[in-house]
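*Asks:* Quick note, the sequences are listed as chains A and B, same order.
No gaps in the numbering here: position 21 of the first sequence is 5 in our numbering, and each next residue is one more.
One gets our numbering by counting positions in the second sequence from 1 and adding 127 to each.
Note that beta-carbon positions come from the ideal geometry of N, C-alpha and C, so glycine has one too.
Values in this document were obtained by computation on a predicted structure and should not be read as measured data.
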Amino acid sequence: MDVLLLSRIQFAFTAAFHFIYPPLSIGLGLVLVIMEGLWIRTGDKLYHEMARFWTKIFALTFAMGVATGIVMEFEFGTNWATYSRYVGDVFGSALAAEGIFAFFLESGFLAVLLFGWNKVGPKLHFFSTCMVCFGAHFSAVWIIVANSWQQTPAGYHIVGEGMHARAEITDFWAMVFSPSSMDRLSHTVVGAWQAGAFFVISVSAYYLLRRWHLDFARRSLKVGLCLALAASLLQLVTGDISAKHVARNQPAKLAAFEGHYPTEPAPLYLFGWVNENQQRVQFGVAIPRLLSYLTYGDANKPVTGLQDIPPQDRPPINFVFQTYHAMVAIGFGLIGVSLLGVFLWWRGLLFAEVGWVRRFVLPLMVVSVLGPQLANQLGWFSAEVGRQPWIVYGLLRTSDALSKVVKADAVLTSLILFTVIYVLLFVLFIFLLNEKIHHGPEHEEHPGEPHSFKPSEILHEPRA
Amino acid sequence: MNFFFAQTLFDGGMPSLNAIWFVLVGVLFTGYVILDGFDLGVGALHLFTKTDEERRLMLNAIGPVWDGNEVWLVTGGGALFAAFPEVYATVFSGFYLAFVLLLFSLIFRAVAIEFRSKRPEAWWRQTWDILFSLGSVLSSFLIGVAIGNIVWGVPLDKDHEFAGTFLGLLGPYPILLGITTVALFAMHGAIYVVMKTEGKMEDRARGWIRNTIIFFVLAYAITSFATLLYIPRMAVPLQQHPWLFIVPLLNVLAVANIPRQIHLGNEFKAFLSSCAAMIALMTLFGIGMYPHLVFSHTEPANSLDIFNAASSQKTLGIMLIIACMGVPIVLTYTVCIYWIFRGKVKLDPMSY
């Protein structure tokens, strides 16, 4: 295999694996702020128990995020050195800002969040939780600003020629607010909220099915459902705005999303299979002209088709079509699950011992945790593969961005090592997550002194 | 190599942005070695403990802070990418396998800390203990090897691309620096453990301090000798500006002060001395390199320096604003957090 393909596989693999965790940290971070905020507000011990339990889960996802994130920070230089030289002036500054502003905030206050329950007062602890949550969101801001600049470069000029050409910043704020950055940021962050919310829903529903920690599970499920419903509906709005702007900024990508070849008023496919040789969608069901209407508010307006894009500038079409449609389908599924949950809660059926709720709805909620994870991954693949063959849209091709001195055998070696280690890591992550979930929340039985422990318990803490 | 250190740094009264960023990137990496240095050092000493309780004390001594410490590496890498993209690209792609190894050891270490105490079985804990310790030693060693190669110089071609091999990075001098770094971090970590523990654990760590200081001083003496003998350019700035000898002098005093403060029972002052020694070492490294970032020993004209490797003045200016806003805030709450977690570590149910 050639070094380009290997490098792309390695980057996609390490990025996709990393991307399991930060959305969970962002979403669970928000959940923690809500729960601990409710505790401070109401003084209800149950919220305190919830905040502490979800903090443990948060810690695990955060550690995985840090460990896999350092790889990402190095990989631009190790595998994409030509890219790094080309974009360092622009991309590097967003990445450095992420480190200085966001990572320090997140990891610094994480210490207080995890280990400071007995060391600082409730207000200061809550402040730390807010800072961790804010830091997690803020790091998303900078990395998406950097990535969006690759999608829709702005605020730069090209200096030098040939091998020594590079992009330099002319306008920092134009770079930060590049045409796609705010759409993509809102879409990604709301996706992260969904990841956190459905995670809480899933674990709570599991407890309800097992009849474990019932008060804890009901209360957590309510918090999860509220956040899930709000985020899932909001995601519809951010997704719609993002797609409209993709049509304007990256027409090749939108055309690939929909497998749209001739430039004409476009239908919206619910599903289908793009035959790239015959340049049409097969086995599909489409709503005529809906894409034109959604994109321009005018059903008769033509949408730029792939036939107007030179073949060498087209992304892989069927792949992007499938990932994009699967993401949208899952998104609607998540709206359905959260609406159903809230409806049953409203009708008083969700927590009643109703046979069909226990048989169908709660199990559905247990597996719903996979929904946002899959949708986030598929959406990310749509965005990144849809940008191909460019690494910086319209400026630098992915094939020109490699490290010149890194040979295929070196990349193959690292790819094999990454695969082995990440598979091992993932198995361990699932194993420990399972342990924590089965261990459940710590019940606080001494209402007067919630933080007191017997010394014997401290040294010989029972582990599940 | 005939440059006037102070004059280049303060070009016409005002320091050039490039020189400021040379210092700032240096500050970030110095912050990294001081902070992650002690938790890597704790890892190197981890297997010298005897009981499970001692190992948990070691892990919990670094528990609240180790991932914050690694953020300094991430931010240092980000700042290098932004300020000197040519260096970031050349070094990271040139040292490909070495960096991949460093990443693996850092990952294993991070994961071992998290997972070790999650199961009670002895084999489980022993496995993670070994991985934690090996990961820490290998990370420290590779960081030293990387610095060693930068000091020694690497082959660069006219496009500033690395023209050497992976095995070529493992020369005697870089390996020597790798060993010195392991010794330095182990000493730093031992002092930290004394500061953070009590009773038997503290007594044990006091023994480590004595041994690691001897180990470090020996390794450091050989390294200094080898540097003067084989890499005379590192000493040129000191010859030209004798007042710079204050830096190695401070370094020696700081190292000598460590056993003194330990003897007097001031662990915190001993730790500060150790930090000061590390700052002095990094300063010496910076003085010796300036204005080069990567020295090409095959063809010195191909070297990367603070001018030909830098981002545009505009970016350096923007980044300076970001750093001026961010760094004081970071330092403030880093100090606050260390203050909150001051004192001897105690195990509780939230512990590792």
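Near V79 of chain B, which residues of its chain fall below 6 Å by C-beta distance, leaving aside the five closest residues on each side in sequence?
*Replies:* The question about residue 79 of chain B has no answer here: the residues shown for chain B are numbered 128 through 479.
*Asks:* Which of the three DSSP states, helix, strand or coil, is assigned to H2 of chain A?
*Replies:* Within the first sequence, the letter at position 18 stands for residue 2 of chain A. The DSSP-derived three-state label of H2 of chain A is helix.
*Asks:* Tell me, please, which residues DSSP counts as bridged to L252 of chain A.
*Replies:* Residue numbering aside, residue 252 of chain A sits at position 268 when the first sequence is read from its first letter. As DSSP reads the structure, L252 of chain A sits in a beta bridge with A:I271.
*Asks:* If I measure Cβ to Cβ from A310 of chain B and keep anything under 7 Å in the same chain, skipping five residues before and after, which residues do I get?
*Replies:* Counting from one through the second sequence, the residue named residue 310 of chain B turns up at place 183. Result list for A310 of chain B: T339, F342, F343 and A346, in chain order.
*Asks:* Report yes or no: do the region 274 to 287 of chain A and the region 237 to 250 of chain A share at least 3 C-beta pairs separated by less than 8 Å?
*Replies:* yes
*Asks:* So which of B:P247, B:W251, B:Y223 and B:F259 has the shortest CA-CA distance to V238 of chain B?
*Replies:* On the second sequence, residue 238 of chain B is found 111 positions in, with the first residue counted as 1. Cα-wise, what sits closest to V238 of chain B is B:F259.
*Asks:* Can you list, in chain order, the residues of the region 240 to 256 of chain B whose Cβ is nearer than 9 Å to any Cβ on chain A?
*Replies:* Hits within the stretch, in order: I240, E241, F242, S244, K245, R246 and P247.
*Asks:* Comparing C-alpha positions only, which one of B:T157, B:A188, B:Y159 and B:V152 sits nearest to L474 of chain B?
*Replies:* Working through the second sequence from its first residue, we reach residue 474 of chain B at position 347. Of all alpha-carbon atoms in B:T157, B:A188, B:Y159 and B:V152, the one lying nearest the alpha-carbon of L474 of chain B is that of B:A188.
*Asks:* Kindly indicate which residue of A:F58, A:A95, A:M(-15) and A:V71 has the alpha-carbon position closest to the one of G139 of chain A.
*Replies:* Working through the first sequence from its first residue, we reach residue 139 of chain A at position 155. Ranked by Cα distance from G139 of chain A, the options A:F58, A:A95, A:M(-15) and A:V71 are led by A:V71.
*Asks:* Measure from the C-beta of R469 of chain B to each C-beta in chain A and report whether the shortest distance is under 7 Å.
*Replies:* Along the second sequence, read from residue 1 onward, the residue named residue 469 of chain B stands at position 342. No, no contact with chain A.
*Asks:* At a Cβ threshold of 7 Å, is L16 of chain A touching chain B?
*Replies:* What you label residue 16 of chain A is simply residue 32 of the first sequence in a count that begins at 1. Not one chain B Cβ lies under 7 Å of L16 of chain A.
*Asks:* Please work out which residues of its chain come closer than 6 Å, Cβ to Cβ, to P329 of chain B, disregarding the five sequence neighbours upstream and downstream, and give them in chain order.
*Replies:* As a position in the second sequence, residue 329 of chain B is number 202, starting the count at 1. Note on identity: in this sequence residue 329 of chain B is Glu, with Pro being the wrong assignment. Around E329 of chain B: V321.
*Asks:* I need the straight-line Cα distance from G451 of chain A to R202 of chain A, nearest angstrom please.
*Replies:* Here chain A comprises residues numbered -15 to 448, so residue 451 of chain A is not present and cannot be evaluated.
*Asks:* Exposed or buried, which one is E498 of chain A when buried takes at least 16 other CB atoms within 10 Å?
*Replies:* A query on residue 498 of chain A cannot be resolved here, the shown segment of chain A reaching from -15 to 448 and no further.
*Asks:* Any chance the region 158 to 168 of chain A sits against the region 335 to 347 of chain A, with 3 or more Cβ pairs inside 8 Å?
*Replies:* no
*Asks:* Suppose the cutoff is 6 Å on Cβ atoms and the five residues either side in sequence are ignored; what does the same chain contact list for L404 of chain B look like?
*Replies:* Locating residue 404 of chain B in the second sequence gives position 277, where the first residue counts as 1. Leu is not the amino acid found at residue 404 of chain B; the sequence shown has Ala there. Excluding sequence neighbours, A404 of chain B sits near N378, A381 and V382.
*Asks:* For the candidate residues A:A367, A:L(-10), A:L(-11) and A:A51, whose alpha-carbon lies nearest to that of G223 of chain A?
*Replies:* The sequence position of residue 223 of chain A within the first sequence is 239, counting from 1. Looking at the Cα atoms, A:A367 is the closest of the given residues.
*Asks:* For chain A, check one thing: does any of its Cβ atoms lie closer than 7 Å to the Cβ of F268 of chain B?
*Replies:* Start at 1 with the first residue of the second sequence, and residue 268 of chain B comes out as number 141. For F268 of chain B, the answer is no, since every Cβ of chain A falls outside 7 Å of its Cβ.
*Asks:* Looking at the C-beta of T307 of chain B, does it have a partner C-beta in chain A at a distance below 7 Å?
*Replies:* Position 180 of the second sequence, counted from the first residue, corresponds to residue 307 of chain B. Cβ-Cβ to chain A under 7 Å: no for T307 of chain B.
*Asks:* With three or more C-beta pairs closer than 8 Å as the rule, is the region 15 to 22 of chain A touching the region 33 to 52 of chain A?
*Replies:* yes
*Asks:* Would you say D179 of chain B faces chain A, with C-beta separation under 7 Å as the test?
*Replies:* Taking the second sequence and counting its residues from 1, one reaches residue 179 of chain B at position 52. Chain A contact via Cβ: absent.
*Asks:* Considering only their Cβ atoms, is the gap separating A397 of chain B from A171 of chain B smaller than 7 Å?
*Replies:* Against the second sequence, residue 171 of chain B aligns to sequence position 44. Against the second sequence, residue 397 of chain B aligns to sequence position 270. In this structure, A397 of chain B does not lie closer than 7 Å to A171 of chain B by Cβ.
*Asks:* Can you find the residues in the same chain that come closer than 7 Å, C-beta to C-beta, to F267 of chain A, ignoring five residues on each side of it along the sequence?
*Replies:* On the first sequence, residue 267 of chain A is found 283 positions in, with the first residue counted as 1. Result list for F267 of chain A: G256 and W257, in chain order.
*Asks:* Drop a sphere of 10 angstroms on the beta-carbon of C402 of chain B, count the other beta-carbons inside from all chains shown, and report buried for 16 or more, exposed for fewer.
*Replies:* As a working mapping, residue 402 of chain B is identified with position 275 in the second sequence. It counts as buried.
*Asks:* Would you kindly work out how many angstroms separate the C-alpha atoms of T425 of chain B and P359 of chain B, rounded to a whole number?
*Replies:* Locating residue 425 of chain B in the second sequence gives position 298, counting from the first residue. Locating residue 359 of chain B in the second sequence gives position 232, counting from the first residue. Taking the straight line joining both Cα atoms gives about 16 Å.
*Asks:* Which runs of the alpha helix (DSSP H), 4 residues or longer, sit entirely within the region 4 to 85 of chain A?
*Replies:* 5 to 26, 29 to 63, 65 to 71 and 77 to 81
*Asks:* Quick one: list the residues of chain A neighbouring V201 of chain B, beta-carbon separation under 8 Å, in chain order.
*Replies:* Translated into the one-based positions of the second sequence, residue 201 of chain B becomes position 74. Correct list: G53, I54, E57, G83 and F87.
*Asks:* Does the count of Cβ pairs from the region 457 to 466 of chain B and the region 189 to 204 of chain B closer than 8 Å reach three?
*Replies:* yes
*Asks:* Does the region 199 to 218 of chain B touch the region 149 to 166 of chain B, meaning 3 or more C-beta pairs lie closer than 8 Å?
*Replies:* A contact is defined here as three or more CB-CB pairs under 8 Å, and the region 149 to 166 of chain B meets this definition with respect to the region 199 to 218 of chain B.
*Asks:* For the alpha helix (DSSP H) containing H287 of chain B, list its first residue and its last residue.
*Replies:* Translated into positions along the second sequence, residue 287 of chain B becomes position 160. H287 of chain B -> no alpha helix (DSSP H), and no H or E assigned at all.
*Asks:* Taking the beta strand (DSSP E) that E152 of chain A belongs to, which residues open and close that run?
*Replies:* On the first sequence, residue 152 of chain A is found 168 positions in, with the first residue counted as 1. Taken as a continuous stretch (DSSP letters only), the beta strand (DSSP E) holding E152 of chain A covers R150 to I153.
*Asks:* Do S188 of chain A and V350 of chain A have their CB atoms nearer than 7 Å?
*Replies:* What you label residue 188 of chain A is simply residue 204 of the first sequence in a count that begins at 1. What you label residue 350 of chain A is simply residue 366 of the first sequence in a count that begins at 1. No; because the gap between Cβ atoms is not below 7 Å, this pair is not in contact.
*Asks:* Just list the beta strand (DSSP E) runs in the region 415 to 473 of chain B, keeping only unbroken ones of 3 residues or longer that don't cross its boundaries, in chain order.
*Replies:* 419 to 421
*Asks:* Should the region 207 to 218 of chain A be regarded as contacting the region 169 to 183 of chain A, the criterion being three or more beta carbon pairs within less than 8 Å?
*Replies:* The region 207 to 218 of chain A, when compared against the region 169 to 183 of chain A, does touch it at the 8 Å Cβ threshold.
*Asks:* Who are the Cβ neighbours of E426 of chain A in its own chain at under 8 Å, not counting the five residues just before and after it?
*Replies:* Position 442 of the first sequence, counted from the start, is the residue given in the question as residue 426 of chain A. Cβ neighbours of E426 of chain A beyond the five flanking positions: E33, R36 and F37.
*Asks:* Specify, as a first and last residue, the run of the beta strand (DSSP E) that Y140 of chain A falls within.
*Replies:* Within the first sequence, residue 140 of chain A is the residue found at index 156, counting from 1. Note, Y140 of chain A: beta strand (DSSP E), Y140 to V143.
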